[in-house]
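Numbers in the working numbering are just positions in the sequence shown, counted from 1, shifted up by 1. Just so it is clear, CB atoms sit at the ideal spot from N, CA and C, and this is done for glycine as well.
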Amino acid sequence: MSVMDKQRIDKAMDISRRTFVKWSALLGAAATVGCGSMGGSDKIDDDYDSSDTVIEPKNFDYDKAVWSACNVNCGSNCPLKLYVKDGVVVRVSSDNESDDTYGAYGASYQMRSCVRGRSVRQRIYNADRLKYPMKRVSGSPRGAGKFERISWDQAISEIAAKMQSVKSNYGPGSFYIQYATGTICGKMSCSWPPASTPMARLHNLWGGWLDHYSDYSTSQITAELCLLEGTSWSNNTITDAVNSNLVVMWGNNPANTRMGSAKHFTYHLLKAKEANPDLKFIVVDPYYTDTAIALEADWIAIRPGTDSALVAGMANYLLSEGLIDESWIDARSIGWSETSLAGVVEVTAGAESYYEPAYDKAWGNTDSTEPAIPANSSYKSYILGLGTDGVVKTPAWASAITGIPEETIKSFAKQLVNQSPAMVIQGWGLQRHSLGGANSRAVGLITILTKNIGIVGGGSAAREAAASVSISMDGWSSTFPANPVSYTISNFAWPQAIKDNTVMTGRNWGVRGLATQDTALPLPIKFIWNYAGNCMLNQHADVNSTMTMYKDENLLECIVTIDNYFTPSAMISDYILPDCTNFEQNDMSTNEGGNTCDIKFQNKAVEPMFECKTIYEMMSLISEKIGIKAAYTQGKTQDEWLEYLFNQSLTNYGDQGVFTSALGQDTYAKCYAKGLIKHVSTTAVPSVAFKDFVASPTTKRVSTPSGKFEIFSKRLYNLKHQWQFPAVYNDGMDKITPLPEYYAAWSGYEDPARTTYPFQVVGFHYKQRTHSTYYNCEWNREASMQTAWINTQDAQTLGIAHGDTVEIYNANGKVRIKAKVTSRVMPGVIGLPQGAWYNPGGKWYSSDIVHSGTLSTSEIGNTDVVDYGGCMNVLTSLRPGPVSKGNCQHSVLAAVKKVG
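Set out below in structure tokens:
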């Protein structure tokens with residue numbers, strides 16, 4: 002590190018840590034009681050002085066102030082105002098000077114950043130910032146953590162040579178761009194989706210690459226909610242909650258997941274409650290979440306993965322009480338009653354054959370081998386015990402499975418009917434279970450059975466819709482040629498494509514785009530780009546098994562990580578390239594919430610540090626080595642591409658009432674000078690999902706084969722008879738069910754393995770970080786410590802006190818962490834916030850999360866090596882979901898013991 006760079010870092014960090022932690026507690030006190038505390042299990046840090054309501058900032062001097070944004074994957078893309086002195090960011094502010102009226106449906110309010118975004122100086126000037134290109138030391142195995150510095154010329158030359166070797170020896174389909182969301186929203190420097198990355202343009206021009214479908218956030222709801230409703234993404238706009246009597250947050254905790262700016266959904270709900278004091282809230286979750294506290298919600302504590310059992314019990318009760326309008330449901334759906342099954346339509350026989358997540362219109366179509374649909378296949382027959390399992394789904398039955406008292410189940414069901422309109426908003430936690438797809442459909446189903454779908458103030462149980470207004474701006478990917486490789490795999494199946502592609506077909510692993518369901522994936526993965534992502538290790542499942550795979554260099558020949566820090570995924574790479582932060586380059590990004598939206602013309606705040614380059618620079622150098630630079634860059638710089646995209650968008654979308662000369666915003670240069678541009682509508686109203694269809698089901702339709710809500714899915718019925726599960730997982734604990742049924746799935750509450758591993762462990766999202774981003778920011782870690790949430794009764798039984806060190810373990814590995822003893826998690830469940838960085842044996846990182854040590858070959862992937870970082874994925878499974886073939890990383894069984 003040069004003297005100048007060290008001085009820049011020291012100057013940038015000249016702020017009181019105590020002030021930051023205190024400020025964090027003050028901002029979060031109302032909504033986040035106890036989440037970071039180690040001084041007491043359910044109270045704010047003892048260090049916090051509640052009488053000190055004003056924290057006066059230090060006076061500071063600056064040369065310039067520029068607008069940028071927080072581009073990490075929470076979805077909010079908050080505007081950030083960076084103050085710069087002598088080439089150093091000395092202060093970070095947000096949108097705190099514009100109008101803050103919050104008019105009708107969220108018109109005109111300040112898009113303020115959360116504490117995470119306000120801590121970005123700790124990211125820019127992090128002690129473990131990657132400074133120059135690195136190469137794994139020759140002879141050391143992946144995972145040892147041994148790297149040497151190399152020049153950019155050497156890095157580019159060797160990577161390009163390896164690319165040419167892989168393409169020659171295998172083919173374009175052996176290149177894979179890893180799922181990565183560390184820098185999204187930017188129109189140029191974008192790591193997700195993979196097809197929008199600068200590497201995708203490179204490979205599209207050079208023969209192609211293997212893409213994946215779906216993502217780690219939503220793989221199962223993406224694949225299955227649309228089977229019920231025709232889309233997985235349509236719900237009423239969040240600001241429509243003001244017209245509701247009841248809002249149900251089902252596995253949804255936006256107070257932790259989306260904490261700022263336009264998509265600060267908890268804020269929108271609080272404003273709805275302010276305008277409608279009679280509005281009530283219910284949270285269905287294994288945890289009494291920060292959202293529940295902020296909204297003063299009733300808490301229905303549910304065992305993880307049992308949501309479909311809860312819905313079945315509720316439906317049975319409503320039917321027994323005469324509270325289900327069966328004729329209304331039959332007019333709008335297929336599969337409630339036996340008579341409605343006559344309306345089943347084959348996949349490609351419907352007026353619309355579009356199927357959202359499959360990108361294959363014939364997916365799930367008949368192959369004429371399926372038997373006729375048997376009698377008693379309707380959902381009504383299922384809950385009455387007339388189906389194949391013969392079990393009546395009473396509230397008592399559901400109570401035994403879910404852990405919810407029988408009377409609470411009845412009361413909840415009645416509330417959804419009697420307090421209509423009720424808005425049901427499903428988070429993405431419950432679909433990350435082994436039964437996640439059926440769970441997502443079941444929660445959608447209850448909105449149909451209670452007639453809350455398609456009405457003002459109601460909802461469809463998809464994730465909340467964010468806004469009624471937006472600004473359209475094309476990204477660089479709009480200029481990319483198509484990917485010549487047409488087949489794709491699930492986002493979660495890439496390890497199998499490394500280990501043995503020859504067993505992967507459409508029928509067992511969900512490979513899409515091949516000639517037949519039995520055609521094998523043609524090529525193995527041999528080369529992976531990992532740009533701004535941590536799914537190579539930390540955020541993928543079964544860390545130890547994945548580490549073991551990497552040791553065999555005959556399988557995977559090259560991993561190139563492009564990042565800002567020595568992340569766990571960087572530690573298993575062959576080459577590490579130091580990326581610029583988004584604060585060291587220009588870009589554009591947009592966001593919206595309610596009736597307010599914005600566009601950030603992100604200004605470069607400071608010059609790139611050390612030897613860091615932008616991703617555009619890196620790929621331009623690679624493109625030159627492989628002979629396609631002219632096509633790749635088209636002779637443009639990054640800034641010239643941004644202006645090109647701005648002008649292209651003016652042509653495609655017009656001025657949108659934003660980019661006008663009257664506003665002084667009709668050119669890229671003018672907009673760039675302004676930085677933050679906001680747009681407000683005072684007349685837009687919230688969207689109502691499926692409103693037209695629900696009102697007129699005979700003349701309108703949804704995008705299912707039948708045109709109706711499909712409670713019984715003929716697609717899934719066909720797949721049930723056509724598909725086979727991968728041989729390694731064909732143990733009878735996966736099912737494909739045409740109805741959103743409950744069954745005893747693997748690593749669920751009724752799995753016999755609970756006799757050995759009695760606790761359900763769930764890796765919930767945590768306000769300290771966005772997934773694994775921000776974990777290495779010291780102030781955030783201190784404000785919200787990484788702890789394992791253990792129920793008070795369970796802790797007493799096990800002799801565990803608050804603050805004790807515990808070990809959570811199963812056959813996949815061991816995690817050592819401090820215990821947070823609390824009544825905010827239900828008995829039998831342990832909460833281990835996902836995203837903490839894997840630290841095997843405590844050797845990879847110091848207590849400050851600075852890369853400091855190495856592993857021996859025998860320690861790499863060894864399940865007896867304890868993780869001291871609190872990484873949830875030490876305990877998770879590589880087993881995919883039955884339909885999505887995606888991740889089920891919330892289905893985990895483990896034991897826990899006190900170790901200190």
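Judged by DSSP in its simplified three-state form, Y551 adopts helix. As a beta-bridge residue in DSSP terms, D299 pairs with I283.
Per the C-alpha coordinates, the member of G511, S590 and K281 positioned closest to A423 is K281. With fewer than 16 other Cβ atoms inside 10 Å of its own Cβ, S479 counts as exposed. The residues A70, N72, N78, C186, G187, K188, I600, K601 and Q603, in chain order, have a CB closer than 8 Å to that of S590 in the same chain once the five nearest residues on each side in sequence are set aside. Inclusion of E593 and A468 in the CB contact set at 9 Å is warranted, their separation being smaller than that value. Of all alpha-carbon atoms in T367, T503 and T771, the one lying nearest the alpha-carbon of N257 is that of T771.
Under the three-state reduction of DSSP, M620 is assigned to helix.
In this structure, the straight-line span from the alpha carbon of G871 to that of S309 is close to 30 Å.
Below 8 Å, enough C-beta pairs join the segment 86-96 and the segment 115-126 to call them touching: three or more. For the 9 Å CB-CB criterion, S435 and Y654 do not form a contact. Taking A498 as reference, the option from P375, T547, R716 and Y289 with the minimal CA-CA separation is T547. The residues K552, T858 and I861, in chain order, have a CB closer than 7 Å to that of P142 in the same chain once the five nearest residues on each side in sequence are set aside. Residue pairing of M786 in beta bridges, as defined by DSSP: absent, with no partner found. In this structure L385 is not in contact with P741, their Cβ atoms being roughly 16 Å apart against a cut-off of 8 Å.
Going by DSSP, G594 is part of the beta strand (DSSP E) stretching over D588 to G594. Inter-residue distance for N244 and G458 is about 5 Å (C-alpha atoms, whole angstroms).
Contact annotation: the segment 633-651 does not touch the segment 552-566, with fewer than three C-beta pairs closer than 8 Å. Burial is judged here by how many other beta carbons sit within 10 angstroms of a residue's own beta carbon; R130 has at least 16 and is buried.
Shown here, S334 sits in a strand according to DSSP, grouped into three states. Between G306 and Y750, the C-beta gap is smaller than 9 Å, which places the two residues in contact.
Put simply, of K701, V826, V830 and T798 the residue whose alpha carbon is nearest the alpha carbon of R755 is V830.
Sequence-distant Cβ neighbours of V867 in its own chain, meaning closer than 6 Å and more than five residues away, are K815 and R817. Annotated as distal: E225 and L557, with beta-carbon spacing of 9 Å or more.
Residues of the same chain with a CB within less than 6 Å of the CB of K394, apart from the 5 flanking positions on each side, are A313, G314, N317 and I384 in chain order. Boundaries of the beta strand (DSSP E) harbouring T562: C559 to D564, taken from the DSSP string. In the displayed model, A820 falls within a strand according to three-state DSSP.
The three-state secondary structure of L799, taken from DSSP, is helix.
The alpha carbon of P375 has as its nearest neighbour, out of F760, F713, Y767 and D62, the alpha carbon of F713. One thing to note: S341 has its Cβ within 9 Å of the Cβ of I335.
The alpha-carbon separation between K65 and I157 amounts to approximately 35 Å. C-alpha of Q723 to C-alpha of V884: approximately 12 Å in a straight line. Under DSSP, H265 shares a beta bridge with no residue. The alpha carbon of Q769 has as its nearest neighbour, out of C75, A670 and V504, the alpha carbon of C75. Your pair S878 and D543 checks out as a contact, with CB atoms roughly 6 Å apart and the cut at 8 Å. The residues S473, M474 and D475, in chain order, have a CB closer than 7 Å to that of S650 in the same chain once the five nearest residues on each side in sequence are set aside.
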